[in-house]
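For what it's worth, our numbering labels the leading residue of the sequence shown as 62, then goes sequentially.
For every residue, glycine included, the Cβ atom is placed at its ideal position computed from N, Cα and C.
All figures in this text were calculated on a predicted structure; none of them were measured in a lab.
What follows is a set of notes on a single structure, which appears directly below.
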Amino acid sequence: MPGESVKRIVVAVIGAALVVVGVLLLVLPGPGLLLVLAGLMVLASEFPGVQRHVEPVRRRAMRAAEESVSSRWRIAGSTAAGLFLIGAGVVWGVVPTLPFGGWSTGASLIGSGLIVLGLLVWSYRRVSGRAAAPSPRATR
């Protein structure tokens, strides 16, 4: 059916884009493993062979998310990186004479900064929520 083919193509493009951006963010400031995980999960929804890669990446991504909020310095660094990306996006949008200047580059930088800050908040809530929850042995 043509509709199923279009859906597979859209899923493949979105999943691949998330994986590629995530891989780039492994060396740049940002939530690389979480985006790789998201991309693999999108791809696994249409391509079952990808499913075997999801769990190992999920474990590493969750460990990285926990480490990203393991100290005040890491939280401050991640916050600074997110705010820097947002600021750089505004500058790139306002100053079109910069290389690749304009709002298309600016918006992608602003979006990246917002994603970094959003995932930082998510990681912090996840880790602090687990720390606040009583362990099963403590309730006995």
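Rank Ile70, Val72, Val71 and Gly93 by C-alpha distance to the C-alpha of Val264 and give the top, closest one.
Given that the chain is displayed from residue 62 to residue 201, the structure contains no residue 264 and the question cannot be resolved.
Tell me the DSSP secondary structure of Thr247 in three-state form.
No statement about residue 247 is possible, as the shown extent of the chain runs from 62 to 201 and does not include it.
With respect to the alpha helix (DSSP H) encompassing Val88, which residues constitute its N-terminal and C-terminal limits?
Pro63 to Val88
Cβ atoms of Ser169 and Ser129: under 9 Å apart, would you say?
No; because the gap between Cβ atoms is not below 9 Å, this pair is not in contact.
Work out the CA separation of Leu181 and Val188 for me, nearest whole Å.
11 Å
What do you get for Trp134, buried or exposed, if any count of 16 or more other CB atoms within 10 angstroms of its CB means buried?
exposed
Are there 16 or more other CB atoms within 10 angstroms of the CB of Ala122, so buried, or fewer, so exposed?
buried
Taking C-alpha atoms, which residue in Gly76, Thr158, Leu146 and Gly150 lies nearest to Ser165?
With distances taken between Cα atoms, Ser165 lies closest to Gly150.
For Val156, does the count of other Cβ atoms within 10 angstroms reach 16, so buried, or fall short, so exposed?
By the neighbour-count criterion, in which 16 or more other beta carbons inside 10 Å mark a residue as buried, Val156 falls on the exposed side.
Tell me the rounded alpha-carbon separation between Val88 and Leu96.
13 Å
Between the alpha carbons of Arg120 and Glu127, how many angstroms are there, rounded?
11 Å
By the 10 Å Cβ neighbour count, where 16 or more other Cβ atoms means buried, how is Ala99 classified, buried or exposed?
buried
Check for me: the alpha helix (DSSP H) holding Pro117 runs from which residue to which?
Gln112 to Ser129
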